[in-house]
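Quick mapping for you: the protein sequence lines, in order, are chains A and B. Okay, so the first sequence: first residue is 1 according to our numbering, each after it adds one. Okay, so the second sequence: first residue is 1 according to our numbering, each after it adds one. See structure below.
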Amino acid sequence: MKKTDIGVVGFMYGVCILFFVLSLDLKPEAQTYPRFIMAVLVALTTLYVIQMIFAARRYGVTSGMEEIFAGFLPKQFFCILAMIIVYLILMYLVGFYISTVLLMVGCLLFLRVPKWQIIVSTLAIIGLIYGAFTLFLGVKLPVGLLFK
Amino acid sequence: MLETLFLMGQGFINALSPMNLLFAAAGTAIGIVIGCLPGLSAAMGVALLLPMTFTMAPETGLIVLGAIYCGAIFGGSISAILIHTPGTPASAATAIEGYQLTLRGKAGKALAVACFSSFCGGLLSCISLYFFAPLLAQLAMKFGSPEYFWLSVFGLTIIAGVSSKSMVKGLMSGAFGLLLSTIGMDPIEGAKRFMFGQASLYEGINTTCALIGLFSMSQVLILAETKIKERAKAAKFTDKIALTGSEIKRLTPTILRSWVIGNLIGILPGAGASIACFMGYNAARQFSKHKEEFGHGSIEGVAGPEAANNAVTGGSLIPMLTLGIPGESVTAVLMGGLIIQGLQPGPELFTRYAPMTYTFFAGFVLVQFFMLGIGLLGCRGFAQISRLSDAILIPSVAVLCVVGSFAIHKNFTDVVIMMIFGIIGYMVRKFGLNPAAIVLALILGPIGEKGLRRSLVLSGGSPAILFSTPVCWVLIGLCVFGILSPIFMNRVEQKSLEQAGGGDIVAPMED
């Protein structure tokens, strides 16, 4: 049994509790089906807990973290995740194209990609999106609050 | 019969329109590029490019998605042969003999065999698509609300078992997806459910956003978490990318065997191209007259897996189009594309929308020819693309995920939903749950709910209606089969892998 599975089980029970609490506000007729699904999820999660207990008795308990996060680089991962989240916020403020250039250049510089590749990749992505989405599909991409 | 022949002919006339041909060619090329990049998978490619098909006619959109699917399955063989890293798990067995041929200076020959076998496997799979799909659709016409309920349960039992090491975890993923599918308006009462004050959730969670997040954005996060690896330099080759008549004659029995294997695997829910390729390889080795060549670069060892994995494509479309049961991740994404076009998989595709469906079938046939042509002519170029660094893929795919999810309704909420599902997808994959089961539950959940609740309304609340017809019992039996089949399939895959000795080849990711 892996300790990380306790997190999975906790998450599933947590989701069920959240939806159950939210379902209290629903009309009785609208409650039945979601509660049936919750019951199924609780039953399956409990079945998994039983499997975990048996596995713990038979094979012992391991952390599981080393296996799941082997080679995990926290600095790189969280920086890229943060860049993507900042990108979404910037997109809302300064528009799609400016924020995309900033993400591409920032992310590629962070990952130490050679400069000529940064320029080519950024131009290729911008060109692809402009051609496919703006020209072909006619999608009006966000211009940003600052330029509205 | 005559009507079907007429529809088939009409389908080819429609599919041969310049626009359809152009998109089929572009889709195939994009698919090959996605396939030959070890960081990307077929399901991810189809999910990522799904929004681009919105404004197209349904048949054109489906042809593009089918082309990406076929192209990606073939494309995986290019990096498997040249850099010993399969672009997709479907090409894992190809790397065994393909790379040996490359080491012997016969990379061109290996690529030609892969291309020709993929073409034959894909083309032959179209025969079963034309033959079996309408038959199964006729059966589905007899379905009522109780049958649709069981059908959705059947679909969930299948996908829940696929790709998960633990079957219970797979089923938990399915149930989690079903719970998420209850977000939005109640289909019978019209009451708002679990909308967290967001009016944009009125119609439920947008399936395309969920698909892009679960398959594509999660992959960005997976690529971002580890050290960026330098890819091996693709081997330069000077030999011709061509086959002689005698080689084609030698490969024919292998290709035919692999076609049968791939097709059956494709139709069988819960099995996919990654299983078919190893079974194709084993069959090729078992029946070969040149067994001594295996392990040192056998052209039959390349043809077997490549014909088998491409034969899966047509077969896997059959249960998806006729019953709405996708047997693997890629067809689940394709089904999402079908629903987005306003089409419901099932018998209607062969009655009301028959011209569209047969145009798609004809387009699927033409895609195989594009795959052969583009594959043979562009192999050298694709070989260079397969070296593209993950560092470039990370921001590029992230941008495409964002723009793709925004393009659906042109609103920012969809982008946020995609991002949330991206993080859920990442966690789900890390902790051994199954993203494909979640997606399928999001798609099948509303169908099952409507089927169940309508049945109960019809019967005055008695659940006996769910067991009232022989078809219901057949479907219940299939549900039991669906739950048990992953156990059998895992054994088959493990056995094939051991026999092929392909355990040392690192499959880049799940299908």
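No residue lacks a Cβ here, since even glycine has one placed at the ideal position from N, Cα and C. All figures in this text were calculated on a predicted structure; none of them were measured in a lab.
DSSP on residue i, reduced to helix/strand/coil?
i, result
"Thr62 (chain A)", "strand"
"Lys291 (chain B)", "helix"
"Met1 (chain B)", "coil"
"Pro508 (chain B)", "A caution first: Pro508 (chain B) carries a pLDDT of 48, below 50, which makes its placement in the model too unreliable to give a value."
"Arg193 (chain B)", "strand"
"Lys240 (chain B)", "coil"
"Met427 (chain B)", "helix"
"Gly122 (chain B)", "helix"
"Gly451 (chain B)", "helix"
"Gly460 (chain B)", "coil"
"Lys2 (chain A)", "strand"
"Met44 (chain B)", "helix"
"Gly404 (chain B)", "helix"
"Met217 (chain B)", "helix"
"Met185 (chain B)", "strand"
"Val139 (chain A)", "coil"
"Ile325 (chain B)", "coil"
"Arg112 (chain A)", "coil"
"Phe96 (chain A)", "helix"
Strictly below 8 Å CB to CB, what residues from chain A border residue i?
i, result
"Ala175 (chain B)", "Ile37, Val40, Leu41, Leu44"
"Ile68 (chain B)", "Going along chain A, no residue has its Cβ under 8 Å from Ile68 (chain B), so there is no contact; the nearest lies around 14 Å."
"Val168 (chain B)", "Leu44, Leu47, Tyr48, Gln51"
"Arg453 (chain B)", "Tyr33"
"Glu449 (chain B)", "Tyr33"
"Leu433 (chain B)", "Val8"
Can you name the residues of chain A whose CB is closer than 7 Å to the CB of residue i?
i, result
"Asp186 (chain B)", "Ala30"
"Pro395 (chain B)", "Leu103, Met104, Cys107, Leu108"
"Val415 (chain B)", "Leu88"
"Ala47 (chain B)", "Near Ala47 (chain B) there are no residues of chain A at all, since even the closest Cβ is about 16 Å away, more than 7 Å."
"Ile63 (chain B)", "The premise fails here: Ile63 (chain B) is roughly 16 Å from chain A at the closest Cβ pair, so nothing lies under 7 Å."
Give the interface partners of residue i over in chain B, defined as CB-CB distance under 7 Å, in chain order.
i, result
"Thr100 (chain A)", "Val399"
"Ala132 (chain A)", "Met52"
"Val139 (chain A)", "Ala407, Lys410"
"Ser121 (chain A)", "Ile392, Ser396"
"Tyr92 (chain A)", "Phe412"
Assuming contact is defined by CB atoms lying nearer than 8 Å, are residue i and residue j in contact in what I supplied?
i, j, result
"Ser173 (chain B)", "Leu433 (chain B)", "yes"
"Leu136 (chain B)", "Ile318 (chain B)", "yes"
"Gly121 (chain B)", "Asn310 (chain B)", "yes"
"Ser79 (chain B)", "Pro38 (chain B)", "yes"
"Val399 (chain B)", "Ile125 (chain A)", "yes"
"Ser274 (chain B)", "Pro435 (chain B)", "no"
"Gln265 (chain B)", "Ala276 (chain B)", "Residue identity check: residue 265 (chain B) is Ile in the sequence provided, not Gln. Their beta carbons are under 8 Å apart, which means Ile265 (chain B) touches Ala276 (chain B) by this criterion."
"Leu456 (chain B)", "Leu156 (chain B)", "no"
"Asn263 (chain B)", "Ser125 (chain B)", "yes"
"Ile118 (chain A)", "Ile394 (chain B)", "no"
"Ile205 (chain B)", "Leu180 (chain B)", "yes"
"Leu50 (chain B)", "Ile340 (chain B)", "yes"
"Phe19 (chain A)", "Pro34 (chain A)", "yes"
"Ala24 (chain B)", "Gly363 (chain B)", "yes"
"Lys169 (chain B)", "Val139 (chain A)", "no"
"Glu247 (chain B)", "Cys472 (chain B)", "no"
"Thr322 (chain B)", "Ala133 (chain B)", "yes"
So residue i contacts chain B; which residues on that side make the cut at Cβ distance below 8 Å?
i, result
"Val15 (chain A)", "Phe176, Leu179"
"Met12 (chain A)", "Met172, Phe176"
Run through chain A and tell me which residues come within less than 9 Å of residue i, C-beta to C-beta.
i, result
"Gly191 (chain B)", "The sequence shown places Ala at residue 191 (chain B), rather than the Gly named in the question. What Ala191 (chain B) touches in chain A: Leu26, Lys27, Glu29, Ala30."
"Glu225 (chain B)", "Phe69, Gly71, Phe72, Leu73, Pro74, Gln76, Phe77, Ile80"
"Leu16 (chain B)", "Neighbours of Leu16 (chain B) on chain A: none; closest Cβ ~22 Å, over 9 Å."
"Leu221 (chain B)", "Phe77, Ile80, Leu81, Ile84"
By the criterion of Cβ-Cβ separation under 9 Å, what are the contact partners of residue i in chain B?
i, result
"Ile129 (chain A)", "Val399, Leu400, Val403"
"Lys115 (chain A)", "Those within 9 Å of Lys115 (chain A) in chain B number zero; the least Cβ separation is about 13 Å."
"Ile6 (chain A)", "Near Ile6 (chain A) there are no residues of chain B at all, since even the closest Cβ is about 11 Å away, more than 9 Å."
Please check if any C-beta of chain C sits within less than 8 Å of the C-beta of residue i.
i, result
"Met8 (chain B)", "Looking at the structure shown, chain C is missing, and the protein chains on hand are A and B."
Worksheet item: Should the stretch 418-428 of chain B be regarded as contacting the stretch 212-223 of chain B, the criterion being three or more beta carbon pairs within less than 8 Å?
Response: yes
Worksheet item: Are there three or more Cβ pairs, one per stretch, closer than 8 Å when the stretch 25-33 of chain B is compared with the stretch 369-386 of chain B?
Response: yes
Worksheet entry | Touch test, the stretch 59-67 of chain B against the stretch 357-369 of chain B, Cβ-Cβ under 8 Å, three pairs minimum | yes
Discussion item. Measuring CB atoms only, is the stretch 295-302 of chain B touching the stretch 64-72 of chain B, in the sense that at least three cross pairs come out at less than 8 Å?
Written reply: no
Worksheet item: Which parts of the stretch 20-85 of chain A are runs of the alpha helix (DSSP H), unbroken and 4 residues or longer, counting only runs that do not cross its ends?
Response: 28-59, 65-68
Worksheet item: In the stretch 53-129 of chain B, which residue ranges form an unbroken alpha helix (DSSP H) of at least 4 residues, counting only runs that do not cross its ends?
Response: 58-83, 94-103
Worksheet item: With contact counted as at least three CB pairs below 8 Å, one residue from each stretch, are the stretch 242-253 of chain B and the stretch 102-122 of chain B in contact?
Response: yes
Worksheet item: Counting Cβ pairs closer than 8 Å, one from the stretch 83-100 of chain A and one from the stretch 138-148 of chain A, do we hit at least three?
Response: yes
Practice prompt. Report yes or no: do the stretch 81-97 of chain B and the stretch 331-351 of chain B share at least 3 C-beta pairs separated by less than 8 Å?
Written response: no
Discussion item. At 4 residues or longer, what runs of the alpha helix (DSSP H) sit wholly inside the stretch 353-389 of chain B?
Written reply: 354-385
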